[in-house]
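>
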Amino acid sequence: MDLLRKLLFPFAIIYGGITSVRNYLYFINVFKRTSFTTPTIVVGNLSVGGTGKTPMVEYIIRLLKDQYKIATLSRGYKRKSEGFFLADADTTMEQIGDEPFQYHHKFNNISVAVDAKRVNGIENILKLREDTQAIVLDDAYQHLAVKGGFNILLTTYDEPYYSDYMLPTGNLRESRKGAKRADIIIVTKCPKDLSIDNQNTIVKKLNLKPGQLSFFTYIEFSKLAYTNCDSISVEELKKEDFILVAGIAKPQSFFDHLKGEKTTCLTFPDHHHFSTADIELILNKAKENKIITTEKDYVRLNGLIPSNKLYYLPIQTSFLNNSEEFDKTILDYVGSSTRNG
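Just so you know, the working numbering puts 52 at position 27 of the sequence shown, and the rest follows in order with no gaps.
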């Protein structure tokens, strides 16, 4: 922790107090909470960005989409539309934001909507898509106006919430006590060889309440990088010169997976909208070489860089163990739950 963050600790106490009072007012019904009979799965975190929400939402989509009519609801960060927006065949990334557009572009037969007001968003989904059987709420853990039917909390292996502090000293958006609302806590971005003993040590630190489940996941990188119409194996790619471009929170694992000793890595802010100057910089750095980016960045860079030069590397969430238990828990909730009604 740097000196400035330590000096800001009094403000972290104030911010923590404000969020705790706000949460308390929801729980004593001073602020209204709305529940829905349609199963609602909340995916979120206590910290600011970079915990792997997008691949976890995609994991849940894959798990449910062949059995149920599902929808995703996100805020649509940095989109150029306002209010509720339901994606259709003509929707652009600018209208709904990069993560929702990725879901929309990647998965057929699901509904993708955005709305900063989650209650309004759910109500509109259920009105316009009456056959919806489950809704996955992306990054809605702090949106207590919705009483989620099932809450999944993500925390990273390198920066677990139990070792973190409130903003601006740390990265927490609310107190560690917020973890008690979760039905499942997932430690993400783990080393693939994390031992059972180390997992058990972390579980003790999570201090689970009765009934809470915990799981451990890692990021699995695709063996192929893709363009709109072509692909190349990562093994072959590493024999060439290329540059890496990322505008996501905590891109280091992406860089570490691909970079060599002389690879140029260009980093931009999370959800960055690439300007003309940015594109010129990327092309000048790349010269005649390929440009490799993340899947989330690809939806923002596609069309701005020649398609034969721009590749993206997909990722997926994979469980270190007990994936069957996780799957069964989610499927049981969606299949039989009316407890959130």
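Yeah, the Cβ is synthetic: ideal placement off N, Cα and C, and Gly gets one too.
1. Between which two residues does the beta strand (DSSP E) harbouring Ser239 extend?
2. So, at 7 Å on beta carbons, what are the nonlocal neighbours of Glu124 in its own chain, with the 5 sequence-adjacent residues on each side left out?
3. Using DSSP with H/G/I as helix, E/B as strand and the rest coil, what is Tyr128?
4. Applying the criterion that 16 or more other CB atoms from any shown protein chain within 10 Å of the CB defines a buried residue, is Asn196 buried or exposed?
5. Can Ala271 and Thr342 be called in contact, C-beta distance under 8 Å?
6. Return the CA-CA distance between Ser188 and Asp218, expressed in angstroms with no decimal places.
7. Report yes or no: do three or more beta-carbon pairs, one from the segment 253-266 and one from the segment 319-338, lie closer than 8 Å?
8. From which residue to which residue does the alpha helix (DSSP H) around Leu283 run?
9. Taking the continuous beta strand (DSSP E) assigned at Ser300, which residues delimit it?
10. Please confirm whether Ile293 and Asp303 have their CB atoms less than 8 Å apart.
11. Determine whether the beta carbon atoms of Ile210 and Thr242 lie at a separation below 8 Å.
12. Who pairs with Gln341 in a beta bridge, going by DSSP?
13. Between which two residues does the alpha helix (DSSP H) carrying Lys152 extend?
14. Tell me, which residues are paired with Lys315 by DSSP?
15. Can you give the Cα-Cα distance for Ile43 and Lys202, rounded to whole angstroms?
From the atom records:
1. Your numbering for residue 239 matches position 214 in the sequence shown. 238-246 is the extent of the beta strand (DSSP E) around Ser239.
2. Taking the sequence shown and counting its residues from 1, the one referred to as residue 124 is at position 99. Annotation for Glu124: Thr79, Ser99, Asp163, Lys321 place their beta carbon closer than 7 Å to its own, counting only its chain and skipping 5 residues before and after.
3. For this step, residue 128 is matched to residue 103 along the sequence shown. In the three-state reduction of the DSSP assignment, Tyr128 falls in the helix class.
4. What you label residue 196 is simply residue 171 of the sequence shown in a count that begins at 1. Label assigned to Asn196: buried.
5. Indexing the sequence shown from 1 puts residue 271 at position 246. Indexing the sequence shown from 1 puts residue 342 at position 317. In this structure, the beta-carbon distance from Ala271 to Thr342 does not fall below 8 Å.
6. Taking the sequence shown and counting its residues from 1, the one referred to as residue 188 is at position 163. Taking the sequence shown and counting its residues from 1, the one referred to as residue 218 is at position 193. Cα-Cα distance, rounded: 22 Å.
7. Contact between the segment 253-266 and the segment 319-338 is present, because at least three Cβ pairs lie under 8 Å.
8. To locate residue 283, count along the sequence shown from 1; it is residue 258. Unbroken alpha helix (DSSP H) run through Leu283: 277-283.
9. Counting from one through the sequence shown, the residue named residue 300 turns up at place 275. Looking at the DSSP string, Ser300 is not in any beta strand (DSSP E), and its letter there is neither H nor E.
10. For this step, residue 293 is matched to residue 268 along the sequence shown. For this step, residue 303 is matched to residue 278 along the sequence shown. As written in the sequence, residue 293 is Phe, which differs from the Ile given in the question. It is a contact, given that the beta carbons lie within the stated cut-off.
11. Residue mapping note: residue 210 aligns to position 185 of the sequence shown, counting from 1. Residue mapping note: residue 242 aligns to position 217 of the sequence shown, counting from 1. Going by beta carbons, Ile210 and Thr242 fall outside the 8 Å limit.
12. By one-based count along the sequence shown, residue 341 stands at place 316. Per DSSP, Glu245.
13. Numbered from its first residue, the sequence shown carries residue 152 at position 127. Counting along the chain, the alpha helix (DSSP H) containing Lys152 begins and ends at 143-153.
14. Here residue 315 refers to the residue found at position 290 of the sequence shown. DSSP lists Phe267 as the bridge partner or partners of Lys315.
15. Numbered from 1 along the sequence shown, position 18 holds the residue referred to as residue 43. Numbered from 1 along the sequence shown, position 177 holds the residue referred to as residue 202. Here the alpha carbon of Ile43 sits roughly 14 Å from the alpha carbon of Lys202.
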